[in-house]
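Contents: one structure, followed by commentary.
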């Protein structure tokens, strides 16, 4: 009787004392195994292309004299959206220059462009696949949830173990974190193309592939562009975190300012990121509204 | 050209379960209650001749849109057969075609026009018209030329570079029609093509379609919920109710002899003046209303009892020779010509100064209008020019008052 009472007492007060799930150890083991197994693979096959694209983009951006850069920003903003956006872009970039973080901004911009390039390269096909197979999308959904909700700090460590310190692990973490919107919105955009267009294409004997490329994809373009815009914003929000593992640019400015309690330095980096984000946002939104499928929406 | 045999479409989780119940002639509602399946189309059979416009008329939800989609199998019928007379390969059963065969059929032999146009908003008008040709794999140059030709035909020649959103509804549907015509498919499926248009534009488009059809002689399956439209456009009309075809016939047959209550209710409000033809209302020559007044030089004369001063002379073959009013010859003209040419219309004081002849297929409306030109009886002639009968005021009035009788 006494024993039973003691057992129940323990069960009520500390039901978790009975089982010790060795999850920490398990994950440590798994990550160690992954690192040991894939380190060579990732350093030979993943790092070089990522680093190559990054240095290519950075080289290209660096080769443009800042004055020309401002001019191009104006033209791009004007063409994509309006002259206001063009003027805003020039003012924002000029401010960044006046604050003395132009070179850091170029690095950050290169990081973002590179990350977004890989997000699109991988995300677009995955999004198309998701839209065409319910089963594949059912598999993708939890993966996307994990990619978006896992705190980035958690996978910084394995990223470093796999790719060592520097821009590359920062880029990999950024790509993982920023890719979901491209996949989700490509899938959504294609699935939401009005059935009457599909029916019309079918009635004229189109194959599934023709329907995808001639009808669904162009009509999904505004939605896909919205996804791209989100991806760019997410990539920018990762640059500070990526600085912790050695990525350079404006994020490093913020991180270094924090470490040295130099509030001014941290804020300059932060303002630079905000300005860059706003310019990129306005331009890509403008591009989204220019997308072909946007014509006569809602008419 | 197209022959449908007991085409049936049942929507639901287990369509097959409803088939035996249909055989027992259970109604749509009973079947839904018993099996949970919804009958879309119930054993529809019809035969569309080459070059005709076959209209399927019914209220929304009667299954007409489902039926037309069964023909090109955008919706797969649950049971039944659809035979298509392929110009080269003989008779095909569309329900037995595989993916590839079906695609070829849609590319080459059957095109479609949609209620809400379904033009691709990201393509120009010309590129929309050329879509079917693109799928056929024609070269760019060739398909642009062909698309431009069809665009000219629907009266939108200069609009090729515009986008659909820049066009009005009527113009957009002209583009839809042009896209359907561009592939030279023998069969054109039109799913309520003019229902989304304003009433005035709608009538315009109906005339446009008739004009184009006179030129191209396509086989057209035309869906509509508007009986007047069906009567104006269709050579034959099938009336659908609750997934079933309840009557098939020429517009006039349906108007004069509605087979069910449902059809009769529709027909009640139809406009008879554009459907009833001269041959239906004409007083036939063998009627006892006519009095023969002898023969002269091989021409035999007769007049109506109530109109002795108007005499009609016919030769031995029964062709109209002359018309006399009070022993004086009056000029004889074709009713169709007089209606088209306003200048030929004499002042009202001369309305007995000209006699008119019309074909058997002239409709009531035309004959009524001709009364503004001539008040003499209209002579109805057949294709060979032989006189079939006369139409005077009593016949016209009976026709307007929906004379329901036999069709000769």
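Chains as they are written, first to last, in the numbering used here: chain A, 3 to 301; chain B, 376 to 783.
Even glycine gets a Cβ: it sits at the ideal position worked out from N, Cα and C.
Test item: CB-CB of residue i and residue j under 8 angstroms
| i | j | result |
| --- | --- | --- |
| residue 403 (chain B) | residue 618 (chain B) | yes |
| residue 245 (chain A) | residue 176 (chain A) | no |
| residue 767 (chain B) | residue 679 (chain B) | yes |
| residue 190 (chain A) | residue 233 (chain A) | no |
| residue 195 (chain A) | residue 218 (chain A) | yes |
| residue 431 (chain B) | residue 615 (chain B) | yes |
| residue 381 (chain B) | residue 439 (chain B) | no |
| residue 653 (chain B) | residue 734 (chain B) | yes |
| residue 379 (chain B) | residue 421 (chain B) | yes |
| residue 443 (chain B) | residue 598 (chain B) | yes |
| residue 480 (chain B) | residue 558 (chain B) | no |
| residue 179 (chain A) | residue 240 (chain A) | yes |
| residue 106 (chain A) | residue 252 (chain A) | yes |
| residue 529 (chain B) | residue 552 (chain B) | yes |
| residue 561 (chain B) | residue 594 (chain B) | yes |
Contact set between residue i and chain B, taken where Cβ atoms lie within less than 7 angstroms
| i | result |
| --- | --- |
| residue 208 (chain A) | 510 |
Under 8 angstroms from the C-beta of residue i: neighbouring residues of chain A
| i | result |
| --- | --- |
| residue 415 (chain B) | Correct list: empty, because the minimum Cβ distance to chain A is about 16 angstroms. |
| residue 400 (chain B) | The contacting residues do not exist; residue 400 (chain B) stays about 32 angstroms from chain A at best. |
| residue 608 (chain B) | Going along chain A, no residue has its Cβ under 8 angstroms from residue 608 (chain B), so there is no contact; the nearest lies around 20 angstroms. |
| residue 482 (chain B) | 206 and 207 |
CB contact below 8 angstroms: residue i versus chain B
| i | result |
| --- | --- |
| residue 183 (chain A) | no |
| residue 225 (chain A) | no |
| residue 217 (chain A) | yes |
| residue 198 (chain A) | yes |
| residue 205 (chain A) | yes |
| residue 212 (chain A) | yes |
Contact test: residue i Cβ vs the ligand SAM heavy atom, cutoff 7 angstroms
| i | result |
| --- | --- |
| residue 491 (chain B) | You won't find the ligand SAM in this model; it holds no ligand whatsoever. |
Closest residue to residue i among the options (Cα-Cα distance)
| i | options | result |
| --- | --- | --- |
| residue 457 (chain B) | B:645, B:377 and B:391 | B:377 |
| residue 62 (chain A) | A:42, A:96, A:89 and A:111 | A:111 |
| residue 424 (chain B) | B:433, B:394, B:438 and B:460 | B:460 |
| residue 230 (chain A) | A:270, A:212 and A:285 | A:285 |
| residue 154 (chain A) | A:237, A:206 and A:82 | A:237 |
| residue 606 (chain B) | B:623, B:743, B:668 and B:537 | B:623 |
| residue 487 (chain B) | A:205, A:132 and A:171 | A:205 |
| residue 125 (chain A) | A:183, A:12 and A:227 | A:183 |
| residue 736 (chain B) | B:581, B:500 and B:657 | B:657 |
| residue 482 (chain B) | B:512, B:473 and B:454 | B:512 |
| residue 663 (chain B) | B:648, B:647, B:650 and B:681 | B:681 |
| residue 502 (chain B) | B:476, B:473 and B:534 | B:534 |
| residue 291 (chain A) | A:137, A:100, A:201 and A:220 | A:220 |
| residue 56 (chain A) | A:258, A:168, A:86 and A:15 | A:168 |
Residues that residue i contacts on chain A, provided the C-beta gap is smaller than 7 angstroms
| i | result |
| --- | --- |
| residue 429 (chain B) | Here the premise fails: no neighbours, minimum Cβ distance about 18 angstroms. |
Neighbourhood of residue i by C-beta distance below 6 angstroms, restricted to the same chain and skipping five residues each side
| i | result |
| --- | --- |
| residue 773 (chain B) | none |
| residue 642 (chain B) | 630 and 633 |
| residue 576 (chain B) | 545 |
| residue 393 (chain B) | 385, 406, 410 and 412 |
| residue 298 (chain A) | Because residue 298 (chain A) sits at a pLDDT of 47, beneath the cut-off of 50, its placement in the model cannot be relied upon, and the point is left open. |
| residue 94 (chain A) | 277 and 281 |
| residue 60 (chain A) | 112 |
| residue 522 (chain B) | 501, 504, 505 and 557 |
Beta-carbon proximity list for residue i, same chain, < 7 angstroms, skipping 5 on both sides
| i | result |
| --- | --- |
| residue 490 (chain B) | 566, 567, 568, 570 and 571 |
| residue 693 (chain B) | 761 and 762 |
| residue 743 (chain B) | 648 and 771 |
| residue 450 (chain B) | 384, 441 and 444 |
| residue 228 (chain A) | 187 and 290 |
Neighbourhood of residue i by C-beta distance below 8 angstroms, restricted to the same chain and skipping five residues each side
| i | result |
| --- | --- |
| residue 731 (chain B) | 707, 708, 709, 710, 713, 745, 748, 749, 751, 753 and 754 |
| residue 683 (chain B) | 666 |
| residue 208 (chain A) | 216 and 217 |
Closer than 9 angstroms at the beta carbon, the chain B residues around residue i
| i | result |
| --- | --- |
| residue 202 (chain A) | 487, 489, 492, 493, 494, 495, 506, 551 and 554 |
| residue 221 (chain A) | 495, 496 and 497 |
Beta carbon proximity, residue i to chain A, threshold 8 angstroms
| i | result |
| --- | --- |
| residue 393 (chain B) | no |
| residue 380 (chain B) | no |
| residue 479 (chain B) | yes |
| residue 447 (chain B) | yes |
| residue 384 (chain B) | no |
| residue 439 (chain B) | no |
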